[in-house]
Amino acid sequence: FSSEEQTENYLFKIVLVGDSAVGKSNLLARFARDEFYPNSKSTIGVEFQTQKMEINGKEVKAQIWDTAGQERFRAVTSAYYRGAVGALLVYDITRRQTFESIGRWLNELYTHSDMNVVTMLVGNKSDLKDSRRCRPSEGKAFAKSKGLFFIETSALDSSNVSAAFQTVVREIYSILS
Ligand code: GDP
Ligand code: MG
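At position 163 of the sequence shown the residue is numbered 176 (full-length UniProt numbering), and the sequence of numbers has no breaks.
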């Protein structure tokens, strides 16, 4: 849908992107339903979930898309990205490899969606302090170099999960309204 339609309806498509098992589905489950799945496989994924939010007294709907695990095969289709105005680019702070994949995911995002897509780099699993392999400063520096927002979250203990989604939605709102 066009940005005109999105402004009228305040329905913003936001995509979750990143390597398998970084916590994308659980971030959505925590944000939209306040749930957490300790042993989730890719099967808990819904295609998308619509979450109502209030921004400046206006009702805004965030339509948040989750992969059904197809990122394992590097086969996320262009339809997944189509029309997205926001993205959460997620890595797992305990697995360095998932941070190193972010550049590729960003390229894929920019290939299939508008370059102006509001993007938040998310270092998830901040509760696993003893297994940390990525410093917050590294995430921050990468985000700064690419013009992205940055936040660390935990879908397990809820920290910063709402803030991650809300920051993206607020920014989209302020651009489109
Ligand atoms: P996805 O493949 O990116 O959708 O990842 P999932 O949401 O399925 O999560 C993969 C695994 O990581 C599951 O076992 C989750 O319980 C776990 N997980 C997700 N988020 C967190 C988190 O913030 N902290 C911890 N400790 N585990 C998490
Ligand atoms: Mg998933």
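Using N, Cα and C, we set each Cβ at its ideal position, and we do this for glycine too.
Taking C-alpha atoms, which residue in K37, Q179, E184, L141 lies nearest to Q83? K37
Among R117, S91, D105, which one has its Cα closest to the Cα of residue 194? Since the first residue of the chain shown is 14 and the last is 190, residue 194 is not available in this structure.
Does the stretch 107-122 come within contact of the stretch 60-74, defined as at least 3 CB pairs closer than 8 Å? no
Whole angstroms is fine: what's the gap from G31's alpha carbon to A97's? 15 Å
At 4 residues or longer, what runs of the alpha helix (DSSP H) sit wholly inside the stretch 103-176? 109-113, 115-125, 149-159
On the premise that D140 lies in contact with S167, defined as a C-beta separation below 8 Å, what is that separation, rounded to the nearest angstrom? 4 Å between Cβ atoms; contact.
Counting along the chain, where does the alpha helix (DSSP H) carrying A75 start and finish? A75 -> not in any alpha helix (DSSP H); beta strand (DSSP E) instead, spanning 71-78.
Look up E84 in the DSSP assignment and say whether it is helix, strand or coil. DSSP, reduced to helix, strand and coil, places E84 within a helical segment of the structure shown.
Endpoints, beta strand (DSSP E) assigned at F25: 24-30
Using CA atoms only, rank isn't needed, just tell me which of S150, S114, A176 is closest to R85. Checked all of S150, S114, A176; the closest Cα to R85 is S114.
Any idea if M128 is buried or exposed, counting beta-carbon neighbours within 10 angstroms, 16 or more meaning buried? When all chains shown are included, M128 counts as exposed.
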